[in-house]
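Working notes for the structure below.
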Amino acid sequence: MISPGKFIPVAEEYGLIDAICVQVLSDACRWTSEWRSRGLPEVTVAVNISGRQFHNSRQLIQIVEESLATYALNPECLELELTESSAMNDPENAINVVNLFRERGVSCSIDDFGTGYSSLSVLKRFPIRKLKIDRSFVMDVTTDSNDAAIVQAIIAMAHALNLKVVAEGVETLEHLDFLSKVGCDSIQGYLFSKPLPGEEMAAMLAAGKPIPKPQDV
Numbered sequence: 167m168i169s170p171g172k173f174i175p176v177a178e179e180y181g182l183i184d185a186i187c188v189q190v191l192s193d194a195c196r197w198t199s200e201w202r203s204r205g206l207p208e209v210t211v212a213v214n215i216s217g218r219q220f221h222n223s224r225q226l227i228q229i230v231e232e233s234l235a236t237y238a239l240n241p242e243c244l245e246l247e248l249t250e251s252s253a254m255n256d257p258e259n260a261i262n263v264v265n266l267f268r269e270r271g272v273s274c275s276i277d278d279f280g281t282g283y284s285s286l287s288v289l290k291r292f293p294i295r296k297l298k299i300d301r302s303f304v305m306d307v308t309t310d311s312n313d314a315a316i317v318q319a320i321i322a323m324a325h326a327l328n329l330k331v332v333a334e335g336v337e338t339l340e341h342l343d344f345l346s347k348v349g350c351d352s353i354q355g356y357l358f359s360k361p362l363p364g365e366e367m368a369a370m371l372a373a374g375k376p377i378p379k380p381q382d383v
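See below:
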């Protein structure tokens with residue numbers, strides 16, 4: 167297995183990222199439609215979009231629309247994630263593209279928040295609904311006072327902007343306990359589940375796996 171952090175930059179450099187995007191979007195929509203057809207609990211599937219793809223908005227919109235149409239999927243079931251660095255690299259273009267998706271019923275969020283160089287004047291104009299706190303801040307949130315302060319500040323700022331917050335890399339009950347106390351809206355990480363193939367995800371949805379409980383909540 168190769169980390170996305172290693173192969174995605176190579177795919178972008180050699181022009182292979184578009185083909186990967188088509189495949190990932192198609193698979194995400196196909197499985198979401200399949201789960202719905204089985205009567206399983208409805209979930210929204212988030213798909214990462216590279217900065218390169220945001221610069222070719224016409225092609226990206228076409229790919230997304232074709233994937234949704236092929237599997238007769240409601241746009242509200244799909245969410246697109248762009249990294250903080252790609253959003254701030256060309257914010258005017260990113261804002262325009264996000265607006266185009268919002269008009270089509272597809273929501274967007276900013277991934278890996280805290281690792282780039284966000285301008286608050288730009289962030290407040292982004293038509294997004296959530297921020298995802300990068301796992302590098304969450305991993306040591308219970309042992310590093312600086313990380314704890316950063317996470318609390320991001321959550322407070324996001325809520326002031328009427329945004330939801332997702333914490334990435336949640337692996338322990340201590341993480342969950344801290345995040346619950348500071349008002350984080352959602353979690354993502356191995357504490358809940360490792361990444362799963364579509365059929366195993368279907369089994370988990372069917373079983374109704376309970377969400378772990380923080381220690382003092």
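Residues 167 to 383 (our numbering) make up the sequence shown, in order.
Backbone N, C-alpha and C define an ideal beta-carbon position, used for all residues, glycine too.
These numbers come from a predicted model, not from an experiment.
inquiry  = With DSSP as the reference, identify every bridge partner of Q354, one or two as the case may be.
reply    = Along the sequence shown, one-based indexing puts residue 354 at 188. In DSSP, Q354 forms a bridge with E334.
query = Given a threshold of 16 other Cβ atoms within 10 Å of its Cβ, counted over all protein chains shown, does I215 qualify as buried or as exposed?
reply = One-based indexing of the sequence shown puts residue 215 at position 49. Buried, since its Cβ has 16 or more Cβ neighbours within 10 Å.
query = Does DSSP put I215 in a helix, a strand or coil?
reply = By 1-based counting over the sequence shown, the position of residue 215 is 49. In this structure, I215 counts as strand in the three-state DSSP scheme.
query = If you draw a straight line from the C-alpha of P207 to the C-alpha of I294, how long is it?
reply = Along the sequence shown, one-based indexing puts residue 207 at 41. Along the sequence shown, one-based indexing puts residue 294 at 128. Between P207 and I294, the alpha-carbon positions lie close to 24 Å from each other.
inquiry  = Measuring only the C-alpha atoms, how far is I186 from V317?
reply    = Taking the sequence shown and counting its residues from 1, the one referred to as residue 186 is at position 20. Taking the sequence shown and counting its residues from 1, the one referred to as residue 317 is at position 151. Rounded to whole angstroms, I186 and V317 show a C-alpha spacing of 32 Å.
message = Cutting at 7 Å between CB atoms, please list the residues of its own chain near T338, excluding the five before and the five after it.
response = Mapped onto the sequence shown, residue 338 falls at position 172. Counting only Cβ-Cβ distances below 7 Å, and skipping sequence neighbours, we find L357.
task = Give the secondary structure of K298 by DSSP, where H, G and I count as helix, E and B as strand, and everything else as coil.
result = If you number the sequence shown from 1, residue 298 lands on position 132. Residue state, collapsed to three classes: strand.
key: Contacting residues, own chain, Cβ-Cβ under 6 Å from C243 (five flanking each side not counted)   = In the sequence shown, residue 243 corresponds to position 77, counting from 1. Counting only residues of its own chain and dropping the five nearest sequence neighbours on each side, C243 has a CB closer than 6 Å to the CB of T198 and T210.
task = Assuming A368 contacts C350 (C-beta within less than 8 Å), just tell me the rounded distance between them.
result = Mapped onto the sequence shown, residue 368 falls at position 202. Mapped onto the sequence shown, residue 350 falls at position 184. No, A368 and C350 are not in contact; Cβ-Cβ is about 27 Å, not under 8 Å.
message = If you follow the beta strand (DSSP E) that L246 is in, where does it begin and where does it stop?
response = Numbered from its first residue, the sequence shown carries residue 246 at position 80. In this chain, the beta strand (DSSP E) harbouring L246 covers L244 to T249.
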